[in-house]
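Shown next, in structure tokens, is the structure this report addresses.
Residue numbers (the working numbering), protein chains in the order written: chain G, 20 to 359; chain Z, 11 to 196.
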């Protein structure tokens with residue numbers, strides 16, 4: 020692949036391997052102590068686990084299943100803000116790892132709670148609270164007093180606390196309501212994404228799961244800048260699917276290294292275009308792809324122009340409401356990976 | 011060996027802990043209001059970055075510790091920690107002309123102890139506006155960038171080391187080597 024010049028006139032940062040990736044994380048020790056810690060917290064009681072379909076909560080679910088056996092219930096909440104076919108896909112992947120998943124459709128509830136809300140922190144807090152209310156209901160039916168979550172280190176770091184500024188309230192930390200009827204169990208609190216992936220492989224989760232790109236807890240909500248509507252969710256879902264398909268295909272053909280995270284987001288800004296000799300006035304789609312190890316720092320991926328062109332053409336041709344496509348060339352810091 | 015990691019509010023405090031662990035050393039994260047006795051009992055102290063400014067915030071027992079610590083106790087300041095060491099020892103910290111966020115090219119002027127074995131020029135990740143305008147007496151400046159004159163400085167005789175960039179994050183090239191160079195001096 021090419022090595023374009025950065026803003027500083029230096030060659031692109033192409034790190035491939037550090038000690039952190041080579042050996043240091045002791046998976047066996049971690050799995051043993053995590054299973055013991057879950058047993059210790061929950062005892063003979065029952066727990067439910069919030070499964071989002073990402074690698075973090077899937078690893079937490081597998082650890083909790085090992086620790087608690089029949090006393091754990093795994094719940095996937097369909098918020099209406101998930102990727103294309105997410106519920107079905109996740110259920111199938113987890114069943115192969117021996118984890119049974121219950122899918123609860125709460126999309127109407129989420130959309131109505133988010134109506135008219137455009138401030139990103141309020142959106143995240145509403146989503147965090149909605150999640151908990153659904154889990155409380157499910158927990159009560161199952162007789163669970165504990166909620167297991169796949170919270171990892173960047174979630175609580177970025178949620179702020181003490182002298183740390185709040186960058187964003189992760190739904191599973193800063194987005195939690197003050198009052199909730201369950202005790203939290205968070206076996207992955209000190210882990211970062213690359214360590215979770217190593218653990219996922221050791222637990223025998225399929226590669227589609229262990230290597231799956233990160234997906235934010237609030238889902239597509241943070242990929243819709245401003246107010247969320249079912250219409251915008253459908254647009255950004257379709258655009259995300261195009262970005263995923265095209266980048267995965269290009270990576271398979273050896274055109275690029277698959278980015279750490281890659282998706283589309285919707286800006287509420289409309290711009291003018293021309294289609295079939297007719298004026299159009301439609302939303303803006305941002306394509307984002309970054310390289311990272313742990314999500315704490317990131318640089319934008321250097322995607323070959325022909326791949327970007329294919330993505331742009333597909334998005335504007337397949338999604339009527341998408342009038343313009345931009346590629347995000349910001350690192351973290353100063354930006355974050357997701358837009359909200 | 012007890013490495014105390016003082017959390018001054020950095021996004022990367024826990025990453026410092028993780029990198030020390032990956033290098034084979036257990037660290038302990040403590041809040042910036044940590045008691046003086048705990049600072050005195052540690053073998054080494056690392057001061058994290060943070061969102062505040064040395065000109066505005068209260069740093070409790072840290073400035074006194076920086077001034078009075080015995081020579082053999084190793085101290086590393088990162089970002090805000092680098093600036094706090096500067097201010098506590100009589101140097102000057104000011105708001106820079108330009109901010110630096112994300113990638114920055116570090117040009118090594120004299121590797122000294124801290125940058126030993128590191129290439130003359132490498133990419134690091136930075137996130138700051140304030141910068142060291144004048145180092146405290148006795149310090150050697152090790153490296154600069156396009157916008158910042160003192161990206162790294164040290165006074166090995168007092169085991170004082172500091173960097174403006176973030177050696178703990180994955181995007182910084184040679185970051186582990188730099189932390190290792192510090193740990194070897196403990």
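Note that the Cβ used here is the ideal one computed from N, Cα and C, for glycine as well. Remember, predicted model here, so these are calculated numbers, not experimental data.
Exercise. Which of the three DSSP states, helix, strand or coil, is assigned to residue 82(G)?
Worked result: In this structure, residue 82(G) counts as helix in the three-state DSSP scheme.
Problem set entry | Environment of residue 142(G) [buried if 16+ CB atoms lie within 10 Å] | Label assigned to residue 142(G): buried.
Problem set entry | First through last residue of the beta strand (DSSP E) which encompasses residue 163(Z) | Per DSSP, residue 163(Z) is one residue of the beta strand (DSSP E) stretching across 162-165.
For this session: Could you tell me whether any Cβ in chain G is nearer than 8 Å to the Cβ of residue 113(Z)?
Result: At least one CB of chain G lies nearer than 8 Å to the CB of residue 113(Z).
For this session: Compute the Euclidean distance between the alpha carbons of residue 55(G) and residue 86(G), then round it to the nearest angstrom.
Result: Rounded to whole angstroms, residue 55(G) to residue 86(G) spans 7 Å at the Cα level.
Exercise. Taking just the CA atoms, how far does residue 153(G) sit from residue 272(G)?
Worked result: Their Cα atoms are separated by approximately 42 Å.
Exercise. If you drop the 5 nearest sequence neighbours on each side, which residues of the same chain put their C-beta closer than 6 Å to that of residue 92(G)?
Worked result: If you ignore the 5 residues before and after residue 92(G), its C-beta comes within less than 6 Å of the C-beta of 67 and 161, all in its own chain and listed in chain order.
For this session: Entirely within the stretch 170-228 of chain G and at least 4 residues each: give me those alpha helix (DSSP H) ranges in chain order.
Result: Complete alpha helix (DSSP H) runs here, min 4: 172-177 and 212-221.
Exercise. Which whole runs of the alpha helix (DSSP H) in the stretch 98-129 of chain G are 4 residues long or more, in chain order?
Worked result: As far as the stretch 98-129 of chain G is concerned, its whole alpha helix (DSSP H) runs of at least 4 residues are 105-115.
For this session: With 8 Å as the threshold, decide whether the Cβ of residue 97(Z) is near any Cβ in chain G.
Result: Chain G contact via Cβ: absent.
For this session: If I'm right that residue 125(G) touches residue 145(G) with Cβ under 8 Å, what's the distance once you round it to whole angstroms?
Result: By a beta-carbon distance limit of 8 Å, residue 125(G) does not contact residue 145(G). Their separation comes to about 13 Å.
Exercise. Using 8 Å as the limit for Cβ to Cβ distance, is residue 172(G) near chain Z?
Worked result: Using beta-carbon distances, residue 172(G) counts as an interface residue toward chain Z, with a partner under 8 Å.
Exercise. What is the residue span of the beta strand (DSSP E) that residue 343(G) lies within?
Worked result: From DSSP, the beta strand (DSSP E) with residue 343(G) extends over 341-346.
Problem set entry | residue 69(Z) in three-state terms, based on DSSP | If DSSP states are grouped into helix, strand and coil, residue 69(Z) belongs with coil.
Exercise. Are the Cβ atoms of residue 201(G) and residue 165(G) separated by less than 8 Å?
Worked result: In contact: residue 201(G) and residue 165(G) (Cβ atoms closer than 8 Å).
Exercise. So with Cβ pairs under 8 Å, would you call residue 123(Z) a contact of chain G?
Worked result: Answer no: the Cβ-Cβ gap between residue 123(Z) and chain G never drops below 8 Å.
Exercise. Under 8 Å between C-beta atoms, does residue 36(G) make it to chain Z?
Worked result: Low per-residue confidence applies at residue 36(G): pLDDT is 47, beneath 50, and the placement is therefore not dependable, though the value from the model is reported in the following sentence. No, its Cβ sits nowhere closer than 8 Å to a Cβ of chain Z.
Exercise. Closest by CA to residue 147(G), which one among 236(G), 327(G) and 285(G)?
Worked result: Answer by Cα proximity: 236(G).
Exercise. How would you call residue 361(G), buried or exposed, if buried means at least 16 neighbouring beta carbons within 10 angstroms?
Worked result: This structure does not reach residue 361(G), given that chain G is present from 20 up to 359, and the question cannot be answered.
Problem set entry | Where the alpha helix (DSSP H) containing residue 97(Z) begins and where it ends | Run containing residue 97(Z): 90-98, per the alpha helix (DSSP H) assignment.
For this session: Tell me where the beta strand (DSSP E) around residue 39(Z) begins and ends.
Result: Here the beta strand (DSSP E) through residue 39(Z) covers 37-41.
Exercise. Using the beta-carbon of each residue, which ones in chain Z are nearer than 9 Å to residue 177(G)?
Worked result: Going along chain Z in sequence order, the residues near residue 177(G) (Cβ under 9 Å) are 21.
Exercise. Do residue 74(Z) and residue 353(G) have their C-beta atoms closer together than 8 Å?
Worked result: Cβ distance not < 8 Å, so residue 74(Z) and residue 353(G) don't count as in contact.
For this session: Check the Cβ-Cβ distances between residue 169(G) and every residue of chain Z, and say whether any is below 8 Å.
Result: Not one beta carbon of chain Z lies nearer than 8 Å to the beta carbon of residue 169(G).
Problem set entry | Outcome for residue 11(Z) when other beta-carbon atoms lying within 10 angstroms are tallied against a minimum of 16 | Residue 11(Z) comes out exposed.
Exercise. How is residue 93(G) classed by DSSP in three states: helix, strand or coil?
Worked result: Here residue 93(G) sits in strand by DSSP.
Problem set entry | Residues that residue 110(Z) bridges to, as DSSP identifies them | Answer is 138(Z).
Exercise. Going straight from the alpha carbon of residue 109(G) to that of residue 238(G), what length do you get?
Worked result: Straight-line Cα distance between these residues: approximately 14 Å.
For this session: Check whether the Cβ atoms of residue 176(G) and residue 215(G) sit closer than 8 Å, and answer yes or no.
Result: No, the Cβ-Cβ distance between residue 176(G) and residue 215(G) is not below 8 Å.
Exercise. Are residue 65(G) and residue 163(G) close, meaning C-beta to C-beta below 8 Å?
Worked result: Result yes, Cβ atoms of residue 65(G) and residue 163(G) sit closer than 8 Å.
Problem set entry | Beta-carbon separation (whole angstroms), residue 33(Z) vs residue 193(Z), contact threshold 8 Å | Indeed they touch by this definition, with Cβ atoms about 6 Å apart.
Problem set entry | Closest Cα partner of residue 350(G) within the set 340(G), 342(G), 318(G) and 47(G) | Looking from the CA of residue 350(G), the closest CA among 340(G), 342(G), 318(G) and 47(G) belongs to 318(G).
For this session: Could you name the residues of the same chain whose beta carbon sits closer than 6 Å to that of residue 48(G), not counting the 5 residues immediately before and after it, in chain order?
Result: Taken in chain order, the list of residues that qualify is empty.
Exercise. Hey, how far is the Cα of residue 267(G) from the Cα of residue 115(G)?
Worked result: A straight-line Cα-Cα distance of about 23 Å links residue 267(G) and residue 115(G).
Exercise. What is the residue span of the beta strand (DSSP E) that residue 289(G) lies within?
Worked result: Per DSSP, residue 289(G) belongs to the beta strand (DSSP E) from 280-294.
Exercise. Can you list, in chain order, the residues of the stretch 180-192 of chain G whose Cβ is nearer than 9 Å to any Cβ on chain Z?
Worked result: Those would be 181, 182, 183, 184 and 186, in chain order.
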